[in-house]
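Residue numbers (our numbering): -2 to 493.
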């Protein structure tokens, strides 16, 4: 009999007592597939979708109708619809922004706008919702999402994700006020002290523009870049919420959000909180995550100790992590994320649920294959394994590889206990699995596939008090997650 020691992870509930982010409401219901129907003049629809108008920012009139489990509402006033995004608007499946007040209407359930993203890069449609969920679970201000089917003049336009607008309402919902200044930070905004903060294309002012001289932003960047090493930790905390940024950084690095600040100097917001007199950092545009790659890097194995881009100054991440106390907090939040959100128990059931929720809608999506030739089979595969081109990992596959490399790269993360497991005769070739427990008692044992589906197993207590689990006949080979009384560990099985 062969003995094998496997690591398990104790799953703890989140420690954040009063989360900063709001939960579900009548609009943001992430576990439902909403329907939005827009009706507009045929000539306006033709203008909206015509390749010659791909850079247009003009809003066009449309009637708005939304259905989910909480509402079935047709608005009296017309809404405005236009294209949104940067490179994404050049794809056949267009991204759209809806403005409820553009043509004299009122806010819709207290929201001014919707951002309908087509997820053309991501065959699972789940990377952005899952990434933002992980941020929110770590108490980082981040947008909420919900999936939907979009129709324009009764033509099915496909599956979309609505991503919450980051604006004054976003701030009020999370901080209770909108006092201060908000900047949308785009590619090139690496926060060096070269006057870039006065460049509107890099730091786009979103609220209170008439009052904004950018003095606070300029002061923050000056402190970040010029403060000496001995006083940096004290001075930077006066002008920036370092603790919350370190929480954000832990998730950013684990999910491989390379298209944010630390690697690509892109896709983040800075909010000068006028009440606290310091800046906050919010991530956004998190679809290029969980193994999607456009720059020839393996994000599942990139060193968590050197996450920021090497050849370009990235003072916000690099200077903060050079402070030993801040680096210790970063490691603490990495460990917290591994225990709460970046693990199989949290992620895999959500993968299975989202796949089930969207499968029929994706199969009928006439635009799903337009950009990269994705098929419904690719959609199903993307939850478990990678494919060609830029989708190098499936979601479950990325999670597994990233976790294993995280523990290798930062040994402090490996604080789990060992569970002694007896395997006979070969764990990779037999559907039988034995393990011992100290007490001899097992209250609950479950097995999940790598995509989060619960697997029917037989459980038998042996005469020597060991427990034997057996997979059903014809079970497919692959990675299985074994949950025993709240402990989670891996079982790799190769089907004969």
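Note that CB positions come from ideal geometry on N, CA and C, so glycine has one too.
So what does DSSP say about residue i, is it helix, strand or coil?
{"i": "residue 67", "result": "coil"}
{"i": "residue 1", "result": "Summary for residue 1: the model assigns pLDDT 31, below 50, so the residue's position carries little reliability, and this model does not support an answer."}
{"i": "residue 17", "result": "coil"}
{"i": "residue 418", "result": "For residue 418, the predicted model reports a pLDDT of 39, less than 50, meaning its position is unreliable; a value from the coordinates is still stated below. Strand at residue 418."}
{"i": "residue 327", "result": "helix"}
{"i": "residue 58", "result": "strand"}
{"i": "residue 181", "result": "strand"}
{"i": "residue 189", "result": "coil"}
{"i": "residue 425", "result": "Model confidence at residue 425 stands at a pLDDT of 47, short of 50, so the residue's coordinates are unreliable; what they give is reported in the following sentence. If DSSP states are grouped into helix, strand and coil, residue 425 belongs with coil."}
{"i": "residue 488", "result": "strand"}
{"i": "residue 375", "result": "helix"}
{"i": "residue 79", "result": "strand"}
{"i": "residue 43", "result": "helix"}
{"i": "residue 36", "result": "strand"}
{"i": "residue 73", "result": "coil"}
{"i": "residue 458", "result": "strand"}
{"i": "residue 314", "result": "helix"}
{"i": "residue 320", "result": "coil"}
{"i": "residue 351", "result": "helix"}
{"i": "residue 342", "result": "helix"}
{"i": "residue 31", "result": "strand"}
{"i": "residue 368", "result": "coil"}
{"i": "residue 298", "result": "coil"}
{"i": "residue 476", "result": "strand"}
{"i": "residue 196", "result": "coil"}
{"i": "residue 467", "result": "strand"}
{"i": "residue 85", "result": "helix"}
{"i": "residue 337", "result": "helix"}
{"i": "residue 386", "result": "coil"}
Assuming residue i contacts residue j (C-beta within less than 8 Å), just tell me the rounded distance between them.
{"i": "residue 247", "j": "residue 334", "result": "5 Å"}
{"i": "residue 103", "j": "residue 97", "result": "7 Å"}
{"i": "residue 59", "j": "residue 76", "result": "6 Å"}
{"i": "residue 229", "j": "residue 316", "result": "6 Å"}
{"i": "residue 130", "j": "residue 180", "result": "That pair is no contact at about 24 Å."}
{"i": "residue 116", "j": "residue 158", "result": "6 Å"}
{"i": "residue 393", "j": "residue 345", "result": "6 Å"}
{"i": "residue 128", "j": "residue 283", "result": "4 Å"}
{"i": "residue 271", "j": "residue 177", "result": "4 Å"}
{"i": "residue 24", "j": "residue 148", "result": "About 18 Å; that fails the 8 Å criterion."}
For residue i, tell me which candidate among the options has the shortest Cα-Cα distance.
{"i": "residue 341", "options": "397, 376 and 320", "result": "397"}
{"i": "residue 80", "options": "72, 95, 71 and 350", "result": "95"}
{"i": "residue 36", "options": "477, 131 and 151", "result": "151"}
{"i": "residue 266", "options": "371, 194, 101 and 100", "result": "194"}
{"i": "residue 464", "options": "164, 456 and 101", "result": "456"}
{"i": "residue 87", "options": "39, 367, 254 and 40", "result": "367"}
{"i": "residue 275", "options": "364, 172, 376 and 56", "result": "172"}
{"i": "residue 273", "options": "446, 237 and 284", "result": "237"}
{"i": "residue 190", "options": "168, 219 and 155", "result": "219"}
{"i": "residue 188", "options": "161, 262 and 153", "result": "262"}
{"i": "residue 469", "options": "365, 445 and 244", "result": "445"}
{"i": "residue 309", "options": "185, 409, 44 and 132", "result": "185"}
{"i": "residue 339", "options": "52, 24, 314 and 401", "result": "401"}
{"i": "residue 294", "options": "270, 264 and 260", "result": "260"}
{"i": "residue 313", "options": "328, 258 and 405", "result": "258"}
{"i": "residue 138", "options": "244, 453, 45 and 43", "result": "244"}
{"i": "residue 404", "options": "353, 474 and 331", "result": "331"}
{"i": "residue 18", "options": "192, 167 and 48", "result": "167"}
{"i": "residue 154", "options": "118, 111, 365 and 50", "result": "365"}
{"i": "residue 356", "options": "156, 169, 44 and 369", "result": "156"}
{"i": "residue 133", "options": "411, 459, 479 and 20", "result": "20"}
{"i": "residue 99", "options": "63, 54 and 264", "result": "54"}
{"i": "residue 395", "options": "285, 45 and 110", "result": "285"}
{"i": "residue 471", "options": "323, 62 and 452", "result": "452"}
{"i": "residue 239", "options": "318, 67 and 208", "result": "318"}
{"i": "residue 61", "options": "478, 114, 370 and 34", "result": "34"}
{"i": "residue 26", "options": "136, 480 and 68", "result": "68"}
{"i": "residue 480", "options": "473, 354 and 343", "result": "343"}
query = If you scan the region 201 to 283 from start to end, which runs of the alpha helix (DSSP H) of 4 or more residues do you find wholly inside it?
reply = 212 to 223, 226 to 236, 239 to 252 and 258 to 261
task = Give, in chain order, every unbroken run of the alpha helix (DSSP H) that is at least 4 residues long and sits entirely within the region 121 to 156.
result = 124 to 134
key: Three or more C-beta pairs below 8 Å linking the region 17 to 30 and the region 139 to 153   = yes
task = Would you check if the region 221 to 234 and the region 343 to 351 touch, i.e. whether three or more CB-CB distances between them fall below 8 Å?
result = no
query = Is there contact between the region 378 to 394 and the region 275 to 295, where contact requires at least three CB pairs shorter than 8 Å?
reply = yes
message = For the region 264 to 280 against the region 349 to 368, do three or more pairs of beta-carbon atoms, one drawn from each stretch, fall closer than 8 Å, so that the two count as touching?
response = no
inquiry  = Going residue by residue through the region 390 to 414, where are the continuous alpha helix (DSSP H) segments of at least 4 residues, counting only ones entirely within it?
reply    = 392 to 406
ask   = Is it a yes or a no for the region 105 to 124 touching the region 373 to 383, going by three-plus beta-carbon pairs under 8 Å?
value = yes
inquiry  = Tell me whether the region 296 to 305 and the region 192 to 206 touch, counting them as touching only if at least three CB pairs, one residue from each stretch, are closer than 8 Å.
reply    = no
task = Output the residue ranges of the beta strand (DSSP E) runs that lie fully inside the region 87 to 117 and measure 3 residues or longer, sorted by chain position.
result = 93 to 96 and 110 to 114
Inter-stretch contact (C-beta, 8 Å, three-pair minimum) for the region 249 to 263 and the region 153 to 167 = no
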